[in-house]
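One line per chain: the protein sequences are A and L, in this order.
Be aware that the first sequence starts at 1, since it is given in the UniProt record's numbering, and climbs by one per residue.
Be aware that the second sequence starts at 1, since it is given in the UniProt record's numbering, and climbs by one per residue.
Backbone N, C-alpha and C define an ideal beta-carbon position, used for all residues, glycine too.
Some notes on the structure that comes next.
There are 2 protein chains.
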Amino acid sequence: MTPKGAATRQRIIEGTSVEVRERGAAATTLDDVCARTSTSKSQIFHYFPGGKEELLLAVAAYEADRVLADQEPYLSSLTSWEAWQNWRDLVVRRYRKLGVHCPLGVLITELGRKTPAAQALTGQLLERWQGQLRAGVTAMQTAGQISPSLDADRIAAWLITAVQGGVAVLLSTGKSDHLEAALDTSLALLRAKPELLHVGASQDPT
Amino acid sequence: MTPKGAATRQRIIEGTSVEVRERGAAATTLDDVCARTSTSKSQIFHYFPGGKEELLLAVAAYEADRVLADQEPYLSSLTSWEAWQNWRDLVVRRYRKLGVHCPLGVLITELGRKTPAAQALTGQLLERWQGQLRAGVTAMQTAGQISPSLDADRIAAWLITAVQGGVAVLLSTGKSDHLEAALDTSLALLRAKPELLHVGASQDPT
Numbered sequence: 001m002t003p004k005g006a007a008t009r010q011r012i013i014e015g016t017s018v019e020v021r022e023r024g025a026a027a028t029t030l031d032d033v034c035a036r037t038s039t040s041k042s043q044i045f046h047y048f049p050g051g052k053e054e055l056l057l058a059v060a061a062y063e064a065d066r067v068l069a070d071q072e073p074y075l076s077s078l079t080s081w082e083a084w085q086n087w088r089d090l091v092v093r094r095y096r097k098l099g100v101h102c103p104l105g106v107l108i109t110e111l112g113r114k115t116p117a118a119q120a121l122t123g124q125l126l127e128r129w130q131g132q133l134r135a136g137v138t139a140m141q142t143a144g145q146i147s148p149s150l151d152a153d154r155i156a157a158w159l160i161t162a163v164q165g166g167v168a169v170l171l172s173t174g175k176s177d178h179l180e181a182a183l184d185t186s187l188a189l190l191r192a193k194p195e196l197l198h199v200g201a202s203q204d205p206t
Numbered sequence: 001m002t003p004k005g006a007a008t009r010q011r012i013i014e015g016t017s018v019e020v021r022e023r024g025a026a027a028t029t030l031d032d033v034c035a036r037t038s039t040s041k042s043q044i045f046h047y048f049p050g051g052k053e054e055l056l057l058a059v060a061a062y063e064a065d066r067v068l069a070d071q072e073p074y075l076s077s078l079t080s081w082e083a084w085q086n087w088r089d090l091v092v093r094r095y096r097k098l099g100v101h102c103p104l105g106v107l108i109t110e111l112g113r114k115t116p117a118a119q120a121l122t123g124q125l126l127e128r129w130q131g132q133l134r135a136g137v138t139a140m141q142t143a144g145q146i147s148p149s150l151d152a153d154r155i156a157a158w159l160i161t162a163v164q165g166g167v168a169v170l171l172s173t174g175k176s177d178h179l180e181a182a183l184d185t186s187l188a189l190l191r192a193k194p195e196l197l198h199v200g201a202s203q204d205p206t
């Protein structure tokens, strides 16, 4: 693809993303996309031979990238508690702003949650996200701020569920209370003097 | 309503629940419901004058009750760490068994996530669920097992997000790893010697 072609393709994706955020994935037509991006239908089919479905999949990949990009510059360098707190604030702000509209969720639902393409996309996003959080936990362990006895990958998985669960409630209620309670409680417990935590205590009989 | 009428209404709701679990809410027709429950269309309209939509709403309320009922006998008496562990095991087992099919989620999606009826239902379920978990946290605080400095309602909200987030991932991936990591980590940190936790540490500068 020429640089000009790549730019046109990207313009179509970004324009479609705006349309989907405004009116939903089901209601967005290729005519809307043409009007918004000043392209013709034949151009759209040139870049997305599969039509609307292929286009929506590309938009979903773009939205998945944005989920992570919107957490920067903190997500990729969670090397101090200050960075973690800034990350928490960014996440809460992002989802508060999106409110009851989750662009990626809308697209995944439209494409079919159980289709291989949608599942691959979600799986990759989770993996990348978890990898970044895991790197942050490992960095804090190296710095002596988080107990080395905690499994960094499981802690990363746990933090992702805090975000996902908080967002799930926000999508129903429109309120960010649960998301904030989840992130604040998780971080507060993680910051508690690590060597004093009885990690794995849930296995012991009481 | 006569006891016999109430029983017929309940039979229609339960039969519809089975249909929805098998084929989804959108694909379930009133004819399917008649066949499954040995009732006539006029009986269905007698109990649900609003037709399919009213019936699906009643099924959603029934599924919401089941979400909580399936967590018993532990949810309503979380007065020991053993009860909490048993509750955790029940929750994981329930959602593992349901797999990528969340009956309540399917119904809420079909009814329209943003409709007042669906939102009221979700709101009530969250409130009741959180109330039960809060009572459990309070009981453990009274027993000296959880620090009294922790806000029981926020801890309850946090535990709900752990379940919701874990289930959200399970619905995408079909795997319960995140749900288990979320519940295990939350309970392990909650069980850590409470007086040694630096609660609210995330507010301090480092």
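{"query": "Whole-angstrom distance between Ile108/A and Leu133/A, CA atom to CA atom", "result": "23 Å"}
{"query": "Interface flag, His46/L vs chain A, CB-CB below 7 Å", "result": "no"}
{"query": "Interface residues of chain L facing Ala154/A [CB-CB closer than 7 Å]", "result": "Looking at the sequence provided, one finds Arg at residue 154/A rather than Ala. Chain L residues near Arg154/A: Ala181 and Thr185."}
{"query": "DSSP-derived helix/strand/coil call for Thr142/L", "result": "helix"}
{"query": "Every unbroken alpha helix (DSSP H) inside the UniProt domain \"Tetracyclin repressor-like C-terminal\" (86-184) of chain A [4 residues or more]", "result": "103-111, 116-142 and 152-173"}
{"query": "Phe48/A beta carbon less than 7 Å from that of Leu55/A", "result": "yes"}
{"query": "Under 9 Å by beta carbon: chain L residues contacting Arg113/A", "result": "Val100, Leu171 and Ser172"}
{"query": "Between the CA atoms of Cys102/A and Val169/A - distance to the nearest angstrom", "result": "12 Å"}
{"query": "Environment of Gly136/A [buried if 16+ CB atoms lie within 10 Å]", "result": "buried"}
{"query": "Best match in Asp31/L, Val67/L, Gly5/L and Arg9/L for proximity to Leu126/L [C-alpha to C-alpha]", "result": "Val67/L"}
{"query": "Ser38/L versus Gly24/L: straight-line alpha-carbon distance, rounded", "result": "20 Å"}
{"query": "Where Val163/A meets chain L, residues with beta-carbon distance less than 9 Å", "result": "Thr161 and Gly165"}
{"query": "Residues, ordered as in the chain, of the region 117-142 of chain L that lie near chain A by beta-carbon distance below 7 Å", "result": "Gln119, Thr122, Gly123 and Leu126"}
{"query": "Residue environment, Gln85/L, which counts as buried when at least 16 other CB atoms sit within 10 Å", "result": "buried"}
{"query": "Buried or exposed by the 16-neighbour rule on C-beta atoms within 10 Å, applied to Met140/L", "result": "buried"}
{"query": "Outcome for Thr2/L when other beta-carbon atoms lying within 10 angstroms are tallied against a minimum of 16", "result": "exposed"}
{"query": "Environment of residue 267/L [buried if 16+ CB atoms lie within 10 Å]", "result": "Because chain L is modelled from 1 through 206, residue 267/L falls outside the range shown and cannot be assessed."}
{"query": "Test: Ala168/A CB closer than 7 Å to a CB of chain L", "result": "yes"}
{"query": "Ser76/L versus Leu179/L, Gly131/L and His178/L, residue with shortest Cα-Cα distance", "result": "Gly131/L"}
{"query": "Ala181/A versus Ser172/L, Thr161/L and Glu180/L, residue with shortest Cα-Cα distance", "result": "Thr161/L"}
{"query": "Segment limits, alpha helix (DSSP H) that includes Gly51/L", "result": "Where Gly51/L is concerned, there is no enclosing alpha helix (DSSP H), given that its DSSP letter is neither H nor E."}
{"query": "7 Å Cβ cutoff met for Ala83/A and Tyr74/A", "result": "yes"}
{"query": "Neighbourhood of Thr185/A by C-beta distance below 6 Å, restricted to the same chain and skipping five residues each side", "result": "none"}
{"query": "Beta-carbon proximity list for Leu196/L, same chain, < 6 Å, skipping 5 on both sides", "result": "Caution applies to Leu196/L, whose pLDDT of 42 falls short of 50 and renders its modelled position unreliable; the value that the coordinates give is listed next. No residues qualify anywhere along the chain."}
{"query": "Span of the alpha helix (DSSP H), counted from its first residue to its last, around Tyr47/A", "result": "Lys41 to Tyr47"}
{"query": "Nearest-angstrom Cα separation, counted from Lys4/A out to Val106/L", "result": "43 Å"}
{"query": "Positions along the region 62-76 of chain A whose CB lies within less than 7 Å of some CB in chain L", "result": "none"}
{"query": "Cα-Cα separation between Gln124/A and Glu110/A, rounded to whole angstroms", "result": "19 Å"}
{"query": "C-beta atoms of Glu19/L and Arg36/L nearer than 7 Å", "result": "yes"}
{"query": "The alpha helix (DSSP H) enclosing Ala7/L, as first and last residue numbers", "result": "Pro3 to Arg23"}
{"query": "Beta carbon proximity, Ala60/A to chain L, threshold 7 Å", "result": "no"}
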